[in-house]
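Structure first, commentary second.
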Amino acid sequence: TSTACSRSSDAPSGPPNVLWVVWDTVRADHLSLYGYAKPTTPYLSEWAKHARVFDDALSVAGYTLPSHASMFTGLLPSEHCVNTQHPWLDDSFTTLAELLHGAGYRTFLFSANPHVAAAPGGNLAQGFDRAEHPWSPKWAPEAKRIILDKLAPEDRSSELPQRLDR
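Okay, so the sequence shown: first residue is 94 according to this note's numbering, each after it adds one.
Given below as structure tokens:
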């Protein structure tokens, strides 16, 4: 006999793994996961069948810095004061990453937005054991290749290749 609250015998013991995906600036109304007619996110839709999906989540701010600071601290922008004029999170705030680390979790942040993962003094990665972004040494060659592959070879108007070399 088993109950809905019991753990199956083959389930791992200990705390669960946590994967927190933030897809900054994506429109829910264009994701097949949320009913968009075109299959825009088939892998996400398949993954979501066995995940917790929030259908009614709202952001406390309209742009990346304060919304991430709020997600990481649980505070409103008026409390942590992260904004374009003050683009850093003060050390005095405890982040979810710090709480998870204190509970024995290993924490890793990967963000395509360098303002989140690597902004000098931005401190949004506060408490993560490791933070990386596409321009971290490990990922930079592949990030550069992906970007260059998107440029038409005959287009000489872009200064992007020279900027990437710098």
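Ideal Cβ placement from N, Cα and C applies to all residues, glycine included.
Note that the structure is predicted; figures quoted are calculated from it, not measured.
- Message: Can you look up Arg-223 in the DSSP assignment and give me helix, strand or coil?
- Response: Within the sequence shown, the letter at position 130 stands for residue 223. If DSSP states are grouped into helix, strand and coil, Arg-223 belongs with the strands.
- Query: Quick one: what's got a C-beta closer than 8 Å to Gly-197's C-beta in the same chain, skipping five residues either side?
  - Reply: Reading the sequence shown from its first residue, position 104 is the one you call residue 197. For Gly-197, where only same-chain residues beyond five positions count, the Cβ hits under 8 Å are Pro-108.
- Which runs of the alpha helix (DSSP H) spanning at least 4 residues fall entirely within the stretch 117-204, listed in chain order? 135-141, 157-166, 170-173 and 189-195
- Message: Just verifying my parser: in three-state terms, what is the DSSP assignment at Asp-258?
- Response: Numbered from 1 along the sequence shown, position 165 holds the residue referred to as residue 258. Three-state result, Asp-258: helix.
- Pair within 8 Å by beta-carbon distance, Ser-160 and His-173: Within the sequence shown, residue 160 is the residue found at index 67, counting from 1. Within the sequence shown, residue 173 is the residue found at index 80, counting from 1. No.
- Query: By DSSP, does Pro-108 sit in helix, in strand, or in coil?
  - Reply: Position 15 of the sequence shown holds residue 108. Coil.
- Item | Rounded distance between the beta-carbons of Asp-222 and His-194, thought under 8 Å | Reading the sequence shown from its first residue, position 101 is the one you call residue 194. Reading the sequence shown from its first residue, position 129 is the one you call residue 222. That pair is a contact at about 7 Å.
- Task: Could you work out which residue in Gly-167, Phe-201 and Asp-183 is closest to Leu-112 when comparing CA atoms only?
- Result: Start at 1 with the first residue of the sequence shown, and residue 112 comes out as number 19. When each option's Cα is compared against that of Leu-112, the closest is Phe-201.
- Message: Which residue wins for smallest C-alpha separation from Trp-181, given the options His-226, Ala-141 and Asn-216?
- Response: Here residue 181 is taken as the residue at index 88 of the sequence shown, counted from 1. When each option's Cα is compared against that of Trp-181, the closest is Asn-216.
- Please report how far the alpha carbon of Lys-243 lies from the alpha carbon of Ser-185, in whole angstroms. By one-based count along the sequence shown, residue 243 stands at place 150. By one-based count along the sequence shown, residue 185 stands at place 92. About 42 Å.
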